[in-house]
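Asks:
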Amino acid sequence: MSLFRLIGLIGFGRASMLESGLMEFKDLAHGQVECGTNLGVRRAFNKGAVGMGFRVGSSSLVLVGCHLTSDSDGSTRQQLRDRDLRNILGQMEFNYDTVSLKDFSRAHHHCILMGDLNYRVGLLPKQAIGMIQDQDWTNLLRAEELIAQREQGLVLAGWEEHPIKWPPTYRLQKNRRIEAMDDLHQWYTTEVASKATGKVSLRTPSYTDRILHHSIPGSRMTCQGYHSHPEMLSSDHCPVSASFNYHSTKPTTPELATVHVQLSDVRIENHRAPNPQHIHVLFPVPCEDELWHVRKLSQLRRAMSASEHSPGSGHQNLHPNLAWAQAASTKGVGVCARCNMASQLLLVCRLQHPDFPEDLAECTIGLRNLLHQSEANGNQCYFSVTLSAQGRNAGTLHGTATLFYHSAVESSTQPQANCEHMTCTTECLDVQTSGAQSHESSEQPNSPASPNNKTGFHDEIGEHSLIVSASSV
């Protein structure tokens, strides 16, 4: 299958950042999604994506390089490109085998998706070239497929792209430099003959090469520049690049506490599917979980114990997925877990309906911001977040979050989430050696509004830069 592995991704980091520990690859994760021709046992890898994850400071970053389905003989394949993007979001895994997220961007602070996305401009070549000569980017981009799909919430909902202010990047004449806008007919290839039939079809200059980014609530990433590079003449694609600034707390020794979360009065607005009847919660997410490996060992121990008591279950219990808390309805759910209080305290919600086996929607809630907002309201605050289903907008989730935490005090008792008036209780998934605080401890829960209660909050911010480039050869 090596013949089909034509998608690559290379990352470079400053030696000083690696030596100082600011950038770390010890948790390096990588994955791939194949979207090419169906070969029977698998799909070819000439279309699809590769991804890599790493950490800078306290921020988790993911880079994904893509090559999506192209048009054939002048006929549009936009729907296949939409399918490719949904498959990439839902199938890209970064070694977090017990989480099974349906959208990898929900569990990382910052994600960048780039490459030859192959989306086209829905105009005739003559119309497009006239707009390019006039540098009328506004009207040209109104006919661009990816922008139209994103505006309708059909793909990459919640992702952002910096404004485009340069000519289309495909399909160019190789080794030909444009000297003036009057030469555009010689710069772009607008007629292509089929290798099979010899039939000539039209090709409209299009923005196939793109870079988009996504940040979860509470994290900030801004695009400082988005450019094409027509000086690169070796391909019929013009490479593009983007530079980003993002903020991250400086790495510190984890300060752990047991955080209790109750979501109540949950309701969904503008939901495109049947109203969900179950809510699942993942907290904390792996990229912020200092005890992730400990939890996995604990889960495996329980699964093996269950297998011993139920020999007929075979090996299916040796791959548990116990990180999700589940409620029998969407009225509310409660969960508690040991967390690093310097993190964003991300929580992922998944909404389901029993008649639809596929997950309907997911969202990410940044609890650290909610902790600050709940200062004057008895540890309660209102939240409103966008739901998506593998990149498709699925409405808005509203509700009330009740938050409090205990300081990390050594305890030999494994905590249970005793969430009063909730439809579900869930185990905290800590082992005894992790120093978990018992929920039934005599210590009173801390309020984030208390002047003496600043444990684990590190608001000292560092700014970092990231430069990415996408090209198709």
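Following numbering that gives the first Met the number 0, the numbering of the sequence shown begins with 0 at its first residue and continues without gaps.
Think of the CB as a built atom: it goes at the ideal place given N, C-alpha and C, for glycine as much as any other residue.
From a predicted model like this one, the values you see are computed outputs, not experimental measurements.
What residues in its chain sit with their C-beta under 7 Å from that of M130, if we drop five residues either side in the sequence?
Replies: Result list for M130: N138, L139, in chain order.
Asks: Is there at least one Cβ from chain B nearer than 8 Å to L139's Cβ?
Replies: Reference to chain B is not applicable here, since this structure consists of a single protein chain.
Asks: Rounded to a whole number of angstroms, what is the C-alpha to C-alpha distance between N174 and S233?
Replies: Cα-Cα distance, rounded: 6 Å.
Asks: I believe H184 touches I128 by the beta-carbon criterion, under 8 Å. Please report the beta-carbon distance rounded to the nearest angstrom.
Replies: Right, their Cβ atoms sit about 7 Å apart.
Asks: Who are the Cβ neighbours of L153 in its own chain at under 7 Å, not counting the five residues just before and after it?
Replies: Cβ within range, chain order: D81, R391.
Asks: With a threshold of 16 other CB atoms inside 10 Å of the CB of T196, please say whether the residue is buried or exposed.
Replies: So T196 ends up on the exposed side.
Asks: Would you kindly work out how many angstroms separate the C-alpha atoms of S69 and A48, rounded to a whole number?
Replies: If you take the alpha carbons of S69 and A48, they lie about 14 Å apart.
Asks: With a threshold of 16 other CB atoms inside 10 Å of the CB of N244, please say whether the residue is buried or exposed.
Replies: With fewer than 16 Cβ atoms within 10 Å of its Cβ, N244 is classed as exposed.
Asks: According to DSSP, S496 sits in a beta bridge with which residue or residues?
Replies: Summary: the structure shown does not reach residue 496, with the chain confined to residues 0 through 472, and so no result is reported for it.
Asks: Under the assumption that M256 contacts Y404 (Cβ atoms under 8 Å), give the Cβ distance between them as a whole number of angstroms.
Replies: Strictly speaking, residue 256 in this sequence is Ala, with Met absent from that position. Yes, A256 and Y404 are in contact; Cβ-Cβ is about 5 Å, under 8 Å.
Asks: Using a Cβ-Cβ cut-off of 7 Å (strictly less than) and excluding sequence neighbours within five positions of F282, which residues of its own chain qualify?
Replies: Only V260, V334, A336, L346 meet the Cβ criterion.
Asks: Any contact of the segment 192-212 with the segment 112-128, i.e. 3+ C-beta pairs under 8 Å?
Replies: As far as the Cβ criterion goes, the segment 192-212 touches the segment 112-128, which means the pair count is three or higher.
Asks: Does DSSP put G7 in a helix, in a strand, or in coil?
Replies: In the structure shown, G7 sits in coil (DSSP, three-state: anything other than H, G, I, E or B).
Asks: So which of D102, H277, A360 has the shortest CA-CA distance to H213?
Replies: Answer by Cα proximity: D102.
Asks: I'd like to confirm something about H236: is its beta-carbon nearer than 7 Å to some heavy atom of the ligand NAP, or not?
Replies: As for the ligand NAP, it is missing from this structure, which has no ligand bound.
Asks: If V63 sits next to H107, beta carbons under 8 Å apart, how far is it from one beta carbon to the other, in whole angstroms?
Replies: Contact doesn't hold; Cβ gap of about 10 Å is too wide.
Asks: For T221, list the residues DSSP reports as bridge partners.
Replies: In DSSP, T221 forms a bridge with N244.
Asks: To which residues of the same chain is Q389 closer than 7 Å at the C-beta, ignoring the five residues directly before and after it?
Replies: Within the same chain, Q389 has close Cβ partners R85, L88, G89, K101, D102.
Asks: Would you mind working out which of G394, L402, S387 sits nearest Y381, comparing C-alpha positions?
Replies: Taking only the C-alpha atoms, the option nearest Y381 is L402.
Asks: Determine the closest residue to N339 out of R367, Q372, G398, L145, with distance taken between C-alpha atoms.
Replies: Ranking the options by Cα distance to N339, first place goes to R367.
Asks: Do K46 and D83 have their CB atoms nearer than 8 Å?
Replies: Yes; because the gap between Cβ atoms is below 8 Å, this pair is in contact.
Asks: Taking only the alpha-carbon atoms, compute the straight-line gap between V332 and V280 and give it to the nearest angstrom.
Replies: Distance between the alpha carbons of V332 and V280 is about 8 Å.
Asks: Measuring straight from C-alpha to C-alpha, what distance separates T168 and S468?
Replies: Between T168 and S468, the C-alpha separation is close to 13 Å.
Asks: Look up Q261 in the DSSP assignment and say whether it is helix, strand or coil.
Replies: Q261: strand per DSSP, three-state reduction.
Asks: Considering Cα atoms alone, identify which of V191, L386, I163, L145 is closest to R170.
Replies: Comparing Cα positions, the closest option is V191.
Asks: Between R176 and the rest of its own chain, which residues show a CB-CB distance below 7 Å, the 5 nearest in sequence each way excluded?
Replies: Only L232 meet the Cβ criterion.
Asks: So what's G121 in DSSP terms, helix, strand or just coil?
Replies: Coil.
Asks: Between which residues of its own chain and W165 is the CB-CB distance below 6 Å, once the five residues before and five after are set aside?
Replies: Within the same chain, W165 has close Cβ partners S227.
Asks: Rounded to whole angstroms, what is the Cα-Cα separation between L350 and Q132?
Replies: Near 48 Å, if we compare the C-alpha coordinates of Q132 and L350.
Asks: Using the three-state DSSP reduction, which class does F53 fall into: helix, strand or coil?
Replies: Three-state DSSP puts F53 in a strand.
Asks: Would you report the Cα separation of W186 and S58, rounded to the nearest angstrom?
Replies: Cα to Cα, the separation comes out at about 42 Å.
Asks: Tell me whether the beta-carbon of L262 lies closer than 8 Å to the beta-carbon of A400.
Replies: Going by C-beta atoms, L262 is nearer than 8 Å to A400.
Asks: In angstroms with no decimal places, state the Cα-to-Cα distance between N378 and H371.
Replies: The straight-line gap from Cα to Cα measures roughly 9 Å.
Asks: Would you give the residue range spanned by the beta strand (DSSP E) that H66 belongs to?
Replies: Its beta strand (DSSP E) spans residues 58-66.
Asks: K198: buried (16+ other C-beta within 10 angstroms of its C-beta) or exposed?
Replies: By the 10 Å Cβ count, K198 comes out exposed.
Asks: In angstroms, rounded to a whole number, what distance separates the CA positions of A360 and R13?
Replies: Their Cα atoms are separated by approximately 38 Å.
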